[in-house]
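Chains as they are written, first to last, in this note's numbering: chain A, 508 to 680; chain B, 415 to 589.
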Amino acid sequence: MSKRRHEEPSSEVILPITPMLDMAFQLLTFFIFTYNPSGLEGQFDLSLPSENEAAAKETKQPPPPPDPDAPPKIEADVTIIVEAVTDDTNRGEIAKIHIKQNSGSIIVGDLTELFEKLKLANETATEKEVVKIQPASKLKWANVVMVADTCRKAGFKNVSFVEPPGFNISVVN
Amino acid sequence: MSHGGSSEGNMEPNLTPLLDIVLQLLMFFMMCVNFVTNQVSEEIVLPESMSAVPMDKNETDVLFVNLRPFILKDYETKGASALQKLTDKFKEGDPFIIILGEEPMKFSEFKFWLRNQFNTIKRTSKDGKVKTTIVMRAHKLTDYDQVYRVLQMCKIEGFRQIKLRAITKSVVQPL
Numbered sequence: 508m509s510k511r512r513h514e515e516p517s518s519e520v521i522l523p524i525t526p527m528l529d530m531a532f533q534l535l536t537f538f539i540f541t542y543n544p545s546g547l548e549g550q551f552d553l554s555l556p557s558e559n560e561a562a563a564k565e566t567k568q569p570p571p572p573p574d575p576d577a578p579p580k581i582e583a584d585v586t587i588i589v590e591a592v593t594d595d596t597n598r599g600e601i602a603k604i605h606i607k608q609n610s611g612s613i614i615v616g617d618l619t620e621l622f623e624k625l626k627l628a629n630e631t632a633t634e635k636e637v638v639k640i641q642p643a644s645k646l647k648w649a650n651v652v653m654v655a656d657t658c659r660k661a662g663f664k665n666v667s668f669v670e671p672p673g674f675n676i677s678v679v680n
Numbered sequence: 415m416s417h418g419g420s421s422e423g424n425m426e427p428n429l430t431p432l433l434d435i436v437l438q439l440l441m442f443f444m445m446c447v448n449f450v451t452n453q454v455s456e457e458i459v460l461p462e463s464m465s466a467v468p469m470d471k472n473e474t475d476v477l478f479v480n481l482r483p484f485i486l487k488d489y490e491t492k493g494a495s496a497l498q499k500l501t502d503k504f505k506e507g508d509p510f511i512i513i514l515g516e517e518p519m520k521f522s523e524f525k526f527w528l529r530n531q532f533n534t535i536k537r538t539s540k541d542g543k544v545k546t547t548i549v550m551r552a553h554k555l556t557d558y559d560q561v562y563r564v565l566q567m568c569k570i571e572g573f574r575q576i577k578l579r580a581i582t583k584s585v586v587q588p589l
């Protein structure tokens, strides 16, 4: 019995690697071509006027009395008003930035200057974490986000957005 | 490669290490592939923000709202009939609200769509409360008043949680 087994030709199993490699290359090519390292999306919270105020504006009613259970509203010491360029070539870019405080108002030209002034303003502000931003209607959203970023970098953690000048919620297209 | 001891002179290359490497590369690319799990629109180029934090993966009850201005040249590659349909409805620079699975909307249509969504969610919710988060994806070229209007609409209709999306600045998206 054992002698016969020794005489049998060895049955070596050969795994066909070549077709598997072909398929693997095809898949690899597909994934290389479709590989798109897109930027990592993140998100941030925002503060807006309460829905009661907004609804009251829409229906042109006087604002309802404040909710006693609602958290106390913290008024910001610092308000930033951002003006937009209106000419056709640079429409929506930042034209001027006003920093309004109790002590007065100053104008800055760019975000670097805004950061420096905000850092100083943060030292004197009573509410050190709260800042309001009032961008112009036609300011590009990317610029609004940059201004908000600058505020956070300067130490204001709670950035709230105020409605743009002349805004009317009831006008919808 | 050569089998020194073999007298048959088998010249077949050893493909196994090559296959190993290919499979490892394949695995890398498969892991990196972005599956479309969110109702996001590729037409939106988000602004960059340093303060944007990574999303909470557990947050599943979300409604994506994509907003951008209508720019004709961005849609010229679409078919003539689709383009005609868009230009009949939108003028250059008009707000263009994209909800996946829906036709592009104007503010007036979006308002009713949002109200319907809120009522449906409220009706189907176990405790009658709406805990859905609105995730706002606004194109970087959108005017601020348009973004503000959408956010206010969401608040008026009753959505309490609103989040804004941006590209985290450390990873810059190539333009």
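No residue lacks a Cβ here, since even glycine has one placed at the ideal position from N, Cα and C. Just so you know, these numbers come straight off a predicted model, no measurement behind them.
Let me check one thing: in DSSP terms, what residues is residue 510/B bridge-paired to? Working through the second sequence from its first residue, we reach residue 510/B at position 96. According to DSSP, which records beta bridges pairwise, residue 510/B is partnered with 482/B.
Using a threshold of 9 Å, state whether the C-beta atoms of residue 553/B and residue 460/B are closer than that. Within the second sequence, residue 553/B is the residue found at index 139, counting from 1. Within the second sequence, residue 460/B is the residue found at index 46, counting from 1. Closer than 9 Å, so yes.
Within 8 Å: the Cβ of residue 456/B and any heavy atom of the ligand ZN? Ligands displayed in this structure: none; no statement on the ligand ZN is therefore possible.
To which residues does DSSP link residue 668/A through a beta bridge? Counting from one through the first sequence, the residue named residue 668/A turns up at place 161. In DSSP, residue 668/A forms a bridge with 640/A.
Check each candidate in 653/A, 531/A and 647/A and name the one with the smallest Cα separation from residue 507/B. Locating residue 507/B in the second sequence gives position 93, where the first residue counts as 1. Considering only alpha carbons, the answer is 647/A.
For residue 633/A, which residues of its own chain have a beta-carbon under 8 Å away from its beta-carbon, when the five flanking residues on both sides are left out? Translated into positions along the first sequence, residue 633/A becomes position 126. For residue 633/A, where only same-chain residues beyond five positions count, the Cβ hits under 8 Å are 584.
Report the CB separation of residue 628/A from residue 608/A in whole angstroms; it is logged as a contact under 8 Å. On the first sequence, residue 628/A is found 121 positions in, with the first residue counted as 1. On the first sequence, residue 608/A is found 101 positions in, with the first residue counted as 1. Sure, about 6 Å apart at Cβ, within 8 Å.
C-alpha distance - residue 580/A paired with residue 667/A, whole-angstrom precision: The residue labelled residue 580/A in the question sits at position 73 within the first sequence. The residue labelled residue 667/A in the question sits at position 160 within the first sequence. Any answer about residue 580/A is weak, because its pLDDT of 49 lies below 50 and its placement is not dependable; what the coordinates show is given next. Between residue 580/A and residue 667/A, the C-alpha separation is close to 12 Å.
Quick check: the stretch 516-529 of chain B against the stretch 596-608 of chain A, are there 3 or more CB pairs under 8 Å? no
Can you pull the chain A residues whose beta carbon is under 8 Å from the beta carbon of residue 561/B, in chain order? Position 147 of the second sequence, counted from the first residue, corresponds to residue 561/B. Simply 648 and 651.
With contact counted as at least three CB pairs below 8 Å, one residue from each stretch, are the stretch 518-533 of chain A and the stretch 427-442 of chain B in contact? yes
Have a look at residue 603/A and residue 643/A and give me their C-alpha separation to the nearest angstrom. Here the question's residue 603/A lines up with position 96 in the first sequence. Here the question's residue 643/A lines up with position 136 in the first sequence. Those two C-alpha atoms are separated by around 10 Å.
Residue 559/B in three-state terms, based on DSSP: As a working note, residue 559/B is residue 145 in the second sequence. Residue 559/B: helix per DSSP, three-state reduction.
Residues that residue 502/B contacts on chain A, provided the C-beta gap is smaller than 9 Å: Your numbering for residue 502/B matches position 88 in the second sequence. The premise fails here: residue 502/B is roughly 14 Å from chain A at the closest Cβ pair, so nothing lies under 9 Å.
Straight-line CA distance for residue 635/A to residue 530/B? Within the first sequence, residue 635/A is the residue found at index 128, counting from 1. Within the second sequence, residue 530/B is the residue found at index 116, counting from 1. Answer to the nearest angstrom: the Cα atoms are 41 Å apart.
For residue 581/B, write down the residues that DSSP places opposite it in a beta bridge. Here the question's residue 581/B lines up with position 167 in the second sequence. DSSP lists 548/A and 462/B as partners of residue 581/B.
Residue 464/B versus 665/A, 676/A, 652/A and 662/A, residue with shortest Cα-Cα distance: On the second sequence, position 50 is the one that residue 464/B refers to. Taking only the C-alpha atoms, the option nearest residue 464/B is 652/A.
CA nearest to the CA of residue 549/B, picked from 501/B, 486/B and 580/B: Here residue 549/B refers to the residue found at position 135 of the second sequence. The shortest Cα separation from residue 549/B among 501/B, 486/B and 580/B belongs to 580/B.
In chain order, what residues of the same chain lie with their CB nearer than 6 Å to the CB of residue 484/B, ignoring the 5 residues before and after it? Residue mapping note: residue 484/B aligns to position 70 of the second sequence, counting from 1. Cβ within range, chain order: 504, 508 and 510.
Extent of the continuous beta strand (DSSP E) run through residue 548/B: Locating residue 548/B in the second sequence gives position 134, counting from the first residue. That run of the beta strand (DSSP E) goes 547-552.
Applying a beta-carbon distance threshold of less than 7 Å, which residues of chain A neighbour residue 531/B? As a first step, residue 531/B must be located in the second sequence, where it is residue number 117. Residues of chain A passing the Cβ test: none, with the nearest at roughly 16 Å.
Would you call the CB atoms of residue 557/B and residue 599/A closer than 9 Å? What you label residue 557/B is simply residue 143 of the second sequence in a count that begins at 1. What you label residue 599/A is simply residue 92 of the first sequence in a count that begins at 1. Yes, the pair counts as a contact, with Cβ atoms nearer than the cut-off.
Interface flag, residue 461/B vs chain A, CB-CB below 9 Å: Taking the first residue of the second sequence as position 1, residue 461/B is located at position 47. Cβ-Cβ to chain A under 9 Å: yes for residue 461/B.
Please identify, using Cβ separations under 8 Å, the residues of the stretch 525-542 of chain A that lie next to chain B, in order along the chain. 525, 527, 528, 531, 532, 534, 535, 538, 539, 541 and 542
If we cut at 9 Å on Cβ distances, does residue 498/B have a partner in chain A? On the second sequence, residue 498/B is found 84 positions in, with the first residue counted as 1. It does not: the Cβ of residue 498/B has no partner Cβ on chain A nearer than 9 Å.
Would you say residue 425/B lies against chain A (beta-carbon separation less than 9 Å)? By 1-based counting over the second sequence, the position of residue 425/B is 11. Closer than 9 Å: no.
Which residues DSSP lists as bridging residue 586/A, in chain order: Taking the first sequence and counting its residues from 1, the one referred to as residue 586/A is at position 79. In the DSSP output, where bridge partners are listed per residue, residue 586/A has 607/A and 639/A.
Return the Cβ separation of residue 490/B and residue 497/B in integer angstroms, given the expectation that the two are a contact with Cβ distance under 8 Å. Counting from one through the second sequence, the residue named residue 490/B turns up at place 76. Counting from one through the second sequence, the residue named residue 497/B turns up at place 83. Residue 490/B to residue 497/B, Cβ: 7 Å. Contact.
Might you give, ordered along the chain, the residues of its own chain that have their beta carbon closer than 6 Å to the beta carbon of residue 672/A, omitting 5 neighbours on each side? Numbered from 1 along the first sequence, position 165 holds the residue referred to as residue 672/A. So the list is empty, once near-sequence residues are dropped.
Would you call residue 542/A buried or exposed, if buried means 16 or more other Cβ atoms sit within 10 Å of its Cβ? Start at 1 with the first residue of the first sequence, and residue 542/A comes out as number 35. Exposed: under 16 other Cβ atoms inside 10 Å.
Examine chain B for any beta-carbon lying closer than 9 Å to the beta-carbon of residue 577/A, and answer yes or no. As a working note, residue 577/A is residue 70 in the first sequence. Reliability of the predicted coordinates at residue 577/A is poor, the pLDDT of 48 falling under 50, and no value is obtained from them.
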